[in-house]
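These notes are about the structure you will find just below.
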Amino acid sequence: MSFDNFTYKGATFCVSVHSEEILKKVEDEFQVLDDDIFNITYPKSGTHWMSEILNLIKQNGDPTFVNSIPMWSRSPWYETIAGYDEAEKLTSPRIISSHIPYHIFSKSFFKSKAKVVYTMRNPKDVIVSMFYFSKILKIFKEPESFEAQLENFFKSNGMYGSWFDHVKGWMQMAGKDNFFYITYEELQQDLRGSVVRICKFLGKELNDEEINSVVKYSSFKVMKENKMSNLTQIPDDVLDKSKGTLMRKGVSGDWKNHFTVAQSEKFDKDYQENMKDLNIKFFWQETKKQ
Ligand code: A3P
Numbered sequence: 394m395s396f397d398n399f400t401y402k403g404a405t406f407c408v409s410v411h412s413e414e415i416l417k418k419v420e421d422e423f424q425v426l427d428d429d430i431f432n433i434t435y436p437k438s439g440t441h442w443m444s445e446i447l448n449l450i451k452q453n454g455d456p457t458f459v460n461s462i463p464m465w466s467r468s469p470w471y472e473t474i475a476g477y478d479e480a481e482k483l484t485s486p487r488i489i490s491s492h493i494p495y496h497i498f499s500k501s502f503f504k505s506k507a508k509v510v511y512t513m514r515n516p517k518d519v520i521v522s523m524f525y526f527s528k529i530l531k532i533f534k535e536p537e538s539f540e541a542q543l544e545n546f547f548k549s550n551g552m553y554g555s556w557f558d559h560v561k562g563w564m565q566m567a568g569k570d571n572f573f574y575i576t577y578e579e580l581q582q583d584l585r586g587s588v589v590r591i592c593k594f595l596g597k598e599l600n601d602e603e604i605n606s607v608v609k610y611s612s613f614k615v616m617k618e619n620k621m622s623n624l625t626q627i628p629d630d631v632l633d634k635s636k637g638t639l640m641r642k643g644v645s646g647d648w649k650n651h652f653t654v655a656q657s658e659k660f661d662k663d664y665q666e667n668m669k670d671l672n673i674k675f676f677w678q679e680t681k682k683q
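Residue numbering for the sequence shown follows my numbering, beginning at 394 and increasing consecutively.
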């Protein structure tokens with residue numbers, strides 16, 4: 394595994410999992426199908442959680458599929474070297490995961506009826522989650538300190554580029570019929586209600602029992618134990634399980650245990666500046682609890 398990065402159209406990628414060739418194919422050649430569903434996020438925003446939810450909805454709440462096929466095979470990250478071919482081979486309706494920035498997204502999507510579910514998370518918690526994940530995922534350089542992780546976030550040289558560009562890029566789709574956005578915090582606050590909203594967006598009618606089953610099998614507790622979802626099957630030279638786990642805490646607001654008051658105040662100022670052109674308020678801005 395190598396930490397070496399490269400830049401493609403302004404965003405950062407890692408030579409161990411990405412290549413310019415695949416990114417070009419994603420953009421220009423990947424044939425999006427009308428019934429494709431894209432699970433898109435900035436890293437550490439709830440990608441695995443939403444993947445589980447979407448796959449369970451697809452299976453009408455039946456957990457057999459998510460209990461038997463690894464997450465990265467059922468919904469591969471199609472912009473990665475390992476994931477591209479797997480995504481092409483999926484059975485329709487395909488659920489494809491990705492962290493791809495909007496400006497590199499597959500051109501054929503825009504001529505299709507395919508749908509995007511975009512999940513965001515309070516960026517302060519994204520930073521914390523990334524801080525810990527960088528210690529275990531070998532393609533990330535472990536930051537020297539939390540302060541260094543915070544600085545990296547604003548230098549925008551982290552994987553997939555700037556959080557701000559990612560969110561502002563994808564929010565250009567807000568209001569379109571085939572685009573649905575939700576926050577990690579809303580999933581936390583009301584998972585059942587969120588599942589109902591996602592089903593409505595997907596045009597999927599599940600009965601109460603089926604919805605309860607989606608909620609049960611996508612809960613933190615169950616996913617943490619599911620070997621097909623918790624990444625424990627990934628070899629140690631890629632993910633050092635002795636140092637941590639993907640399913641770390643699964644809460645909102647852990648940033649309060651990591652940011653100093655000064656760091657938080659500076660973050661809020663920089664956040665306002667970076668987001669001033671976006672006319673959308675997110676869950677974490679609307680409630681002080683977050
Ligand atoms: P923490 O590190 O804060 O615990 P991603 O899937 O985008 O890599 O994001 C990983 C984060 O989502 C981790 O956050 C992980 O614990 C959390 N997560 C994964 N599944 C979850 C679930 N079912 N419920 C709540 N949080 C979940």
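Ideal Cβ placement from N, Cα and C applies to all residues, glycine included.
In whole angstroms, give me the CA-to-CA distance for residue i and residue j.
{"i": "Lys682", "j": "Asp397", "result": "Because the pLDDT at Lys682 is just 48, under 50, the model does not fix this residue reliably, and the value given afterwards should be weighed accordingly. Going by the C-alpha atoms only, they are around 39 angstroms apart."}
{"i": "Trp470", "j": "Gly476", "result": "5 angstroms"}
{"i": "Lys642", "j": "Asp518", "result": "11 angstroms"}
{"i": "Tyr553", "j": "His496", "result": "12 angstroms"}
{"i": "Thr400", "j": "Ser412", "result": "10 angstroms"}
{"i": "Ser468", "j": "Leu543", "result": "30 angstroms"}
{"i": "Gly568", "j": "Pro494", "result": "18 angstroms"}
{"i": "Ser491", "j": "Gln656", "result": "30 angstroms"}
{"i": "Ile604", "j": "Lys402", "result": "40 angstroms"}
{"i": "Gly596", "j": "Ser635", "result": "42 angstroms"}
{"i": "Val560", "j": "Ile415", "result": "23 angstroms"}
{"i": "Asn600", "j": "Val607", "result": "11 angstroms"}
{"i": "Glu679", "j": "Lys659", "result": "19 angstroms"}
{"i": "Lys614", "j": "Phe573", "result": "26 angstroms"}
{"i": "Phe594", "j": "Thr473", "result": "27 angstroms"}
{"i": "Lys506", "j": "Phe431", "result": "12 angstroms"}
{"i": "Pro456", "j": "Ser485", "result": "18 angstroms"}
{"i": "Met640", "j": "Met513", "result": "17 angstroms"}
{"i": "Thr625", "j": "Asn571", "result": "34 angstroms"}
{"i": "Val408", "j": "Tyr577", "result": "29 angstroms"}
{"i": "Met668", "j": "Asp583", "result": "26 angstroms"}
{"i": "Val654", "j": "Lys609", "result": "37 angstroms"}
{"i": "Trp563", "j": "Asn550", "result": "19 angstroms"}
{"i": "Ile591", "j": "Ile529", "result": "31 angstroms"}
{"i": "Lys662", "j": "Glu602", "result": "45 angstroms"}
{"i": "Asn545", "j": "Ile627", "result": "26 angstroms"}
{"i": "Glu666", "j": "Asp558", "result": "13 angstroms"}
{"i": "Asn623", "j": "Glu579", "result": "22 angstroms"}
{"i": "Lys482", "j": "Asn672", "result": "39 angstroms"}
Comparing C-alpha positions only, which one of the options sits nearest to residue i?
{"i": "Tyr664", "options": "Ile493, Met523, Phe547 and Lys402", "result": "Phe547"}
{"i": "Val631", "options": "Asp558, Val410, Arg590 and Val654", "result": "Val410"}
{"i": "Trp648", "options": "Trp677, Gln626, Glu481 and Gly637", "result": "Trp677"}
{"i": "Asn453", "options": "Val510, Lys506, Ser611 and Gln626", "result": "Ser611"}
{"i": "Glu598", "options": "Ile433, Val408 and Ile450", "result": "Ile450"}
{"i": "Asn460", "options": "Asn515, Asp629 and Glu618", "result": "Glu618"}
{"i": "Val419", "options": "Asp455, Val408, Arg514 and Ala480", "result": "Ala480"}
{"i": "Lys531", "options": "Gly637, Asp421 and Asp661", "result": "Gly637"}
{"i": "Ser438", "options": "Met566, Ile575 and Phe458", "result": "Ile575"}
{"i": "Gln565", "options": "Ile591, Glu602 and Phe498", "result": "Phe498"}
{"i": "Lys674", "options": "Asp633, Asn545, Asn515 and Pro436", "result": "Asn515"}
{"i": "Phe458", "options": "Thr434, Lys662, Ile488 and Val510", "result": "Ile488"}
{"i": "His441", "options": "Glu602, Phe406, Asp558 and Met616", "result": "Met616"}
{"i": "Tyr511", "options": "Phe557, Tyr435 and Trp556", "result": "Tyr435"}
{"i": "Trp556", "options": "Ile433, Lys482 and Lys417", "result": "Ile433"}
Say the cut is 7 angstroms; is the CB of residue i nearer than that to a heavy atom of ligand 3?
{"i": "Met621", "result": "Looking for ligand 3 in the displayed structure turns up nothing; the ligands present are ligand 1."}
Who are the near neighbours of residue i in its chain, counting only those whose CB is closer than 8 angstroms to its CB and skipping five residues on each side?
{"i": "Ile462", "result": "Met621"}
{"i": "Lys534", "result": "Phe396 and Ser527"}
{"i": "Asp629", "result": "Ser635"}
{"i": "Lys508", "result": "Asp429, Ile430, Phe431, Asn571, Phe572, Phe573, Phe594 and Leu595"}
What residues in its chain sit with their C-beta under 6 angstroms from that of residue i, if we drop five residues either side in the sequence?
{"i": "Val521", "result": "Asp647, Trp648 and His651"}
{"i": "Asp670", "result": "none"}
{"i": "Trp465", "result": "none"}
{"i": "Ala404", "result": "Pro494, Tyr553 and Gly554"}
{"i": "Asp633", "result": "Ile529"}
Excluding five sequence neighbours on each side, which residues of the same chain lie with their C-beta closer than 7 angstroms to the C-beta of residue i?
{"i": "Gln581", "result": "Ser645"}
{"i": "Phe524", "result": "Pro536, Phe539 and Gln542"}
Examine chain D for any beta-carbon lying closer than 8 angstroms to the beta-carbon of residue i, and answer yes or no.
{"i": "Asn623", "result": "No chain D is part of this structure, which consists of one protein chain only."}
What are the uninterrupted segments assigned as alpha helix (DSSP H) that are 4 or more residues long and contained completely in the stretch 498-540, given in chain order?
-> 516-529
Can you find at least 3 beta carbon pairs, one from the stretch 492-509 and one from the stretch 425-434, that sit closer than 8 angstroms?
-> yes
Within the stretch 432-508, note down every full beta strand (DSSP E) run reaching 3 residues or more, in order along the chain.
-> 488-491
Would you check if there are 3 or more beta carbon pairs closer than 8 angstroms linking the stretch 441-451 to the stretch 585-600?
-> yes
Contained alpha helix (DSSP H) runs [length at least 4] in the stretch 559-633, N- to C-terminal order | 577-582, 584-595, 601-610 and 613-618
Write down every uninterrupted run of the beta strand (DSSP E) in the stretch 400-431 whose length is 3 residues or greater and which is fully enclosed by it, in chain order.
-> 404-407
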